[in-house]
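Here is the structure we will look at.
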Ligand SMILES: Nc1ncnc2c1ncn2[C@@H]1O[C@H](COP(=O)(O)OP(=O)(O)OP(=O)(O)O)[C@@H](O)[C@H]1O
Ligand SMILES: Nc1ncnc2c1ncn2[C@@H]1O[C@H](COP(=O)(O)OP(=O)(O)OP(=O)(O)O)[C@@H](O)[C@H]1O
Ligand SMILES: [Mg+2]
Ligand SMILES: [Mg+2]
């Protein structure tokens, strides 16, 4: 890395959902990316130049996403986003066509594999990471033979549900699926239906708010053994805790983040996050783009990238290859490596919820 | 009755609205080439009669023969195509120029399939459009409204609306024209003009059924008058006879008009 | 059998949501001749106010009051828009539909931007309340009971108000032809504002009932139900209050039975299929249009 | 051409087509939301045919159009002359059902989405070609007896049928043509984006299209030609801080436009006024036309 | 000297570029019937609308019972006691006949039932149709309803815009009788009518209007004798 940097600052576009129904998620993703950039800039930036996150709004609209992508596709070295799935679907083909690496906000490999090699996923395939956790949960509840899985059909969630079922099957537990309509407002009918199956436990593969409401309904219909309920990672979000409150006590949840961890870096991130969000705890997605920015920083530092528009194509490739095969990357919590854009050794935490907080139970490495 | 054939006849025509008998076993025959007056007190069922024979309302009972064809229960547009034009008591204009409003009356003027004519045969289409425009202009001219052709229809006053309605009905060369109170809201001059128009229409070979509360108009222009009340025919005859029919006086004209006539 | 009864009860409580919202929606149709697509959004906004108030006080009276007052204020605040609209467009219901969709967009955007960081809000878990009925799976909570009873009572009350009282006649007269109404001496602006305020009042009460029934609200809640509300209102015959009651409950029951018995992924589609079929057979709605 | 302009122009073309698909049935007073379902079905079909069967672009475009027409044809037997809001609900429910169906169809990618639709060259050119053809068609419809009949139906159904207009058939015709336009738009959309997702076709799309139509003016076909580029371009030129309130800006803009200019930006009356300017010598114009033929 | 009920002093009204009224002055005295006569577009309706506050008055003044009501909001004008029977049978078409009448009695909720009785007495048809939706009434029935509804508000001045429009001759004479009865009970009446003969026979005082101006005015009987008026409005040879 000796070539001279020609840019004044490293502009990193972030195609994020800043408006529309899930703007709240976009907000904390943007917050963490900006925090990472601020940290890096305070320490002198990258190759002496600051990083600048450029927020671009996708508004969860495919057209806007694609037009925002069009704005950057000919000039950026690497991009954050798009967020969420609808925008990934709309804008990624354009990125692929122009050879731009995007760090998409999807926790599974399905989208990443479709846009190979121009997308990076945050976890190895769900069929590798998720089954061990579910199997581990089942083993903590001996005697469980049959569980009901509530599945909301949104993007990759059905695929995750399949991975859950596979994990449970590996320890001899049968899964019955019940679909949760995306626009459901009451959950009584679903819960009654589930209970009529006489299950021994429940897996909740739906949004955080819906998961909380299902848990409340379950209690109303007389289900008291909370340890036989497990919530999937995408529901590890604020609304789960604010809606479910004390009804969550004893419920299991898995996630990619252990918020009780006590490393200095994590604590300072967490405190800052809480200050900025009225005391709310960070959730798994809040750290994703923090790590991304650091990953980009590493790539910029360790490759001879100059930012010269004339060399855009080759510099893009350098960054892409670096990130896709990054080794021993130190994330805000874990350290992991990637192979071809898929993390190989990034594990999953299992928690139990007590008084509105997650308590660490176990850590599962992905299936080989 | 005249010796000519009848263009419209109804047999036992009834129309009931949940309890209200708007038409009650009505037998009316309209001779070809006449101006046939239809009068009766308010709510007698005159407009309902028009609505039923023009196919807008299905009759509860009875049959309608138009031009010797049984048109009972045929849809309104089919009947209109067979040559029955009409105006409405409350005229509503589309938001466009007067000319366009009149041209709207010529929906079925061209016999070719609409899609074919304007996609595949632009020349035919253009010729047709020009003919339509010309005919609409003629109709407006006929009613003395040529100067208003390019005015915006919303700006028309009541009387002009009536004229546009008539023009709209006339452009299709109907065999029978139903006029529902064409002179309501008109002054004496306009009424006189309208008389001329109606006669002129009749002379051009169109049979007219005229509903009006203007007795002098009915007496002046009609060849034959039917009086209905509560949906039933109470009298029929030429205007003179009608005016002197005690039943009509009692139900419709009232003392004042009788004294005058 | 136990399951069936349980699902039926669930259906009734889901139906009561539709009933209350359809009632408010129909009210706006009857008193103001507008398709207020954003009505459910307004109710959700009031739930936010209700939630905000709860942070300061536990006084039930104040909470209810805040909810009602806020809904009345917001509803009255949008009245001038629709007044100007009806002046310019006559009584074009379609235009009001388009405008109210943009109002819905606006409210959703404010909620997902500026309120509670865009996160869903949740009411105390004891708000949803104890069960009034409890045999195995057959349970019915206090919140559900309130909503159901509230829904039916509100329909009866507003039916009486609109069709049996002097003020109701005045509302309807005004909504039909404001010029004519002013000719006979009805104070147009005052009455219009009053009618919007009453719809707002209903919205405020509905918000409290929902808070107790659902226990939470999110920016997208309005969108979730708005379309079904419009569908129920049309199914019943636009502006038909009694029809709205029946169809609202029926849709609730149909939906929960579908969720309870039919193959999972299709349950909602089946409720819509029913609506579709009825609409194709009876385009005027089941009970006849009443505006 | 820079990709931003390319996409701006392409989406403008597609949205104008969609707005016309809304516009046409609204001529007879129907807000025909079913066209969004047509767009969705045709987009998925085109995507599938192009990827799995390697159909040529032109063929998929044609078949996509046909599919759109077919989808509108079936319900139109029931709702050809239905009141506006019945049509609205039929449109919305069909959209919902169709979305559920696609979400449950593995072959179409289910909720995950449908990937890898092959790219086509000259898409923009073809899109504008289609737009021109569609525009000509609609212009012809508008300025023929069909258009006049539609205006008549809009104000008074009874009067229209008394003039011999078959209200139901006219409604059906308009609905089917609208379906075709939407099908065409759907095909183009699939090829333009290259992947599909059930969420692409939702209430938001309907809302946006209606905003464009009503802000542009629903009494002529020309209004959307102005309003669509404005709506499409707005978020490209606004600074990010402002753009994050874009939804609010859209909503307020629409409300203001509707309040200030009741008929939208361009109204029939306006066109007629402009026409009058040029009709200084009405007779000569028509004669000239006659000689030419 | 009779007391002045309504005095319109030189008002002008325009619809955009179209001047509908130009310096029009009229007076209605206590207990008097005043007829406004004129051909189409003469401005009769515009005058009544201006008095009612439905149309902005640019210049001039309108004084009702000593109060200036120029450009006052319509409902206040109505509330102060001017009842207008509007042109072209306007009714609340989705409400029943009974409800239409009840709404008409907006300012006198206590006296609705007694007023209803007297209206039904004058128009028995309305009683028969009282539960029918007004929109489905025949044209004439709607006109009767419109008149009945105005009577419900016990106006101090009754203004009628072509009340005979679309009515059967018998009903027309009934209507005029009703109006005369009302007048005898003390209501002043301002009547706009195309049918000049009827209007002049009926009125005490008359104004003949043309293109937004008052051409002639004077006692109705005198105008009847005026050859110019006879020629223009009474069909020459009458
Ligand atoms: N849709 C309807 N529902 C109920 N009654 C109706 C309906 N349409 C008409 N009627 C009734 O049928 C009767 C006949 O009405 P119609 O309109 O034919 O009268 P008309 O002779 O035209 O009277 P006018 O001269 O006053 O216009 C009226 O009493 C009217 O109230
Ligand atoms: N809304 C309007 N916009 C434009 N011009 C109008 C409007 N209303 C009336 N006018 C014009 O004002 C003039 C006076 O009309 P007005 O209706 O007062 O006459 P009128 O004497 O009542 O006629 P009629 O006997 O037809 O009822 C006419 O030239 C008319 O064209
Ligand atoms: Mg009639
Ligand atoms: Mg007048």
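Chains as they are written, first to last, in the numbering used here: chain A, 28 to 395; chain B, 4 to 264; chain C, 1138 to 1428; chain D, 391 to 683; chain E, 11 to 248. Just so it is clear, CB atoms sit at the ideal spot from N, CA and C, and this is done for glycine as well.
- Query: Under the three-state reduction of DSSP, which class applies to residue 134/E: helix, strand or coil?
  - Reply: On the fifth chain, residue 134/E is found 124 positions in, with the first residue counted as 1. Residue 134/E falls in the helix class under three-state DSSP.
- From the DSSP output, in three-state form, read off residue 227/B for me. Within the second chain, the letter at position 224 stands for residue 227/B. If DSSP states are grouped into helix, strand and coil, residue 227/B belongs with the strands.
- Message: If I measure Cβ to Cβ from residue 1275/C and keep anything under 8 Å in the same chain, skipping five residues before and after, which residues do I get?
- Response: For the purposes of this step, residue 1275/C is taken as the residue at position 138 of the third chain. Around residue 1275/C: 1139, 1142, 1143, 1146.
- Message: Would residue 189/B pass as an interface residue toward chain E - the criterion being a Cβ-Cβ separation below 8 Å?
- Response: As a first step, residue 189/B must be located in the second chain, where it is residue number 186. Chain E contact via Cβ: present.
- In its own chain, which residues sit with a C-beta less than 6 Å from the C-beta of residue 19/A, not counting the 5 before and 5 after it? As shown, chain A starts at 28 and ends at 395. That puts residue 19/A outside it, with no answer to give.
- Message: Give me the chain D residues within the contact set of residue 93/A, using Cβ-Cβ distance strictly less than 7 Å, ordered along the chain.
- Response: In the first chain, the residue the question calls residue 93/A occupies position 66. Near residue 93/A (Cβ distances below 7 Å), the residues of chain D are 397, 583.
- Please classify residue 124/E: does DSSP put it in a helix, a strand, or coil? Taking the first residue of the fifth chain as 1, we reach residue 124/E at position 114. DSSP places residue 124/E in helix when its eight states are reduced to three.
- Message: Can you confirm whether the segment 538 to 545 of chain D touches the segment 1420 to 1428 of chain C when touching is taken to mean that 3 or more C-beta pairs between the two stretches lie within less than 8 Å?
- Response: no
- With a threshold of 16 other CB atoms inside 10 Å of the CB of residue 160/B, please say whether the residue is buried or exposed. Here residue 160/B refers to the residue found at position 157 when the second chain is read from its first residue. By the 10 Å Cβ count, residue 160/B comes out exposed.
- Query: Is residue 1357/C close to chain D, meaning its C-beta is less than 8 Å from at least one C-beta of that chain?
  - Reply: Translated into the one-based positions of the third chain, residue 1357/C becomes position 220. It does not: the Cβ of residue 1357/C has no partner Cβ on chain D nearer than 8 Å.
- Query: With burial defined as no fewer than 16 other Cβ atoms inside 10 Å of the residue's Cβ, what is the status of residue 209/E: buried or exposed?
  - Reply: Walking along the fifth chain from the start, residue 209/E turns up at place 199. Buried is the call here.
- May I ask you to check if the CB of residue 184/B is nearer than 7 Å to at least one heavy atom of ligand 4? Taking the first residue of the second chain as 1, we reach residue 184/B at position 181. Answer for residue 184/B: no, Cβ out of range of ligand 4.
- Message: Using only the alpha-carbon positions, how far apart do residue 1319/C and residue 31/E sit?
- Response: To locate residue 1319/C, count along the third chain from 1; it is residue 182. To locate residue 31/E, count along the fifth chain from 1; it is residue 21. Answer to the nearest angstrom: the Cα atoms are 22 Å apart.
- Mind listing the chain C neighbours of residue 640/D? Cutoff is C-beta to C-beta under 8 Å, in chain order. As a working note, residue 640/D is residue 250 in the fourth chain. Correct list: 1239, 1242.
- Message: Short of 7 Å in beta carbon distance, which residues of its chain neighbour residue 253/A, apart from the five on each side in sequence? Order them along the chain.
- Response: On the first chain, residue 253/A is found 226 positions in, with the first residue counted as 1. 276, 277, 278, listed in sequence order.
- Considering only heavy atoms of ligand 4, list every residue whose Cβ is less than 7 Å from one of them, following chain order. 54/E, 55/E, 97/E, 171/E, 172/E, 202/E
- Within the 8 Å Cβ cut-off, does residue 46/A reach chain C? As a position in the first chain, residue 46/A is number 19, starting the count at 1. True, the Cβ-Cβ gap to chain C drops below 8 Å.
- Message: Can you check which of these residues, 1270/C, 1290/C, 1210/C, is closest to residue 249/A by C-alpha distance?
- Response: For the purposes of this step, residue 249/A is taken as residue 222 along the first chain, with counting starting at 1. For residue 249/A, the nearest C-alpha among the options comes from 1270/C.
- As assigned by DSSP and simplified to three states, the class of residue 1415/C: Locating residue 1415/C in the third chain gives position 278, counting from the first residue. If DSSP states are grouped into helix, strand and coil, residue 1415/C belongs with the helices.
- Message: I want to know whether the segment 432 to 439 of chain D touches the segment 402 to 418 of chain D - three or more CB-CB distances under 8 Å.
- Response: no
- Query: Going by DSSP, which residues form a beta bridge with residue 1354/C?
  - Reply: As a position in the third chain, residue 1354/C is number 217, starting the count at 1. 1258/C, per the DSSP bridge assignment.
- Message: Taking the beta carbon of residue 572/D as the centre, do at least 16 other beta carbons fall within 10 Å, making it buried, or is it exposed?
- Response: Working through the fourth chain from its first residue, we reach residue 572/D at position 182. That one is buried.
- Which residues, in chain order, does the segment 207 to 233 of chain A contribute to contact with chain D at a C-beta distance below 7 Å? none
- Item | Uninterrupted beta strand (DSSP E) stretches inside the segment 275 to 359 of chain A (no shorter than 3 residues) | 279 to 282
- Message: Which residue marks the beginning of the alpha helix (DSSP H) containing residue 432/D, and which one marks its end?
- Response: Position 42 of the fourth chain, counted from the start, is the residue given in the question as residue 432/D. Start and end: 424 to 442.
- Task: Write down every uninterrupted run of the beta strand (DSSP E) in the segment 41 to 101 of chain E whose length is 3 residues or greater and which is fully enclosed by it, in chain order.
- Result: 43 to 48, 69 to 74, 92 to 95
- Task: Kindly indicate the opening and closing residues of the beta strand (DSSP E) around residue 1270/C.
- Result: Translated into the one-based positions of the third chain, residue 1270/C becomes position 133. It spans 1268 to 1272 - the beta strand (DSSP E) in which residue 1270/C sits, taken as one unbroken run.
- Heavy atom of ligand 2 less than 7 Å from the Cβ of residue 158/B, yes or no? As a first step, residue 158/B is located in the second chain; it is residue number 155 there, counting from the start. It does: the Cβ of residue 158/B is within 7 Å (strictly closer) of some heavy atom of ligand 2.
- Taking three-plus beta-carbon pairs below 8 Å as touching, is the segment 296 to 307 of chain A in contact with the segment 45 to 62 of chain A? yes
- Task: Output yes or no for whether 8 Å exceeds the beta carbon distance between residue 187/E and residue 41/E.
- Result: On the fifth chain, residue 187/E is found 177 positions in, with the first residue counted as 1. On the fifth chain, residue 41/E is found 31 positions in, with the first residue counted as 1. No, the Cβ-Cβ distance between residue 187/E and residue 41/E is not below 8 Å.
- Task: Kindly indicate which three-state DSSP category residue 217/E falls into: helix, strand or coil?
- Result: Counting from 1 along the fifth chain, the entry for residue 217/E is found at position 207. In the structure shown, residue 217/E sits in a strand (DSSP, three-state: E or B).
- Chain-ordered list of residues that sit, by beta carbon, closer than 5 Å to a heavy atom of ligand 1: 20/B, 23/B, 25/B, 45/B, 46/B, 47/B, 48/B, 49/B, 50/B, 51/B, 146/E, 147/E, 148/E, 149/E, 150/E
- Query: Between residue 14/E and the rest of its own chain, which residues show a CB-CB distance below 7 Å, the 5 nearest in sequence each way excluded?
  - Reply: Here residue 14/E refers to the residue found at position 4 of the fifth chain. Excluding positions up to five away in sequence, the list reads 37, 39.
- Is the shortest distance between the beta-carbon of residue 468/D and the beta-carbons of chain C less than 8 Å? Mapped onto the fourth chain, residue 468/D falls at position 78. Closer than 8 Å: yes.
- Query: Relative to ligand 2, is the shortest distance from any of its heavy atoms to the C-beta of residue 52/E smaller than 7 Å?
  - Reply: As a working mapping, residue 52/E is identified with position 42 in the fifth chain. Because some heavy atom of ligand 2 lies under 7 Å away, the Cβ of residue 52/E counts as near it: yes.
- How about residue 305/A: is its C-beta nearer than 8 Å to some C-beta of chain C? By one-based count along the first chain, residue 305/A stands at place 278. With 8 Å as the cut-off, residue 305/A counts as an interface residue toward chain C.
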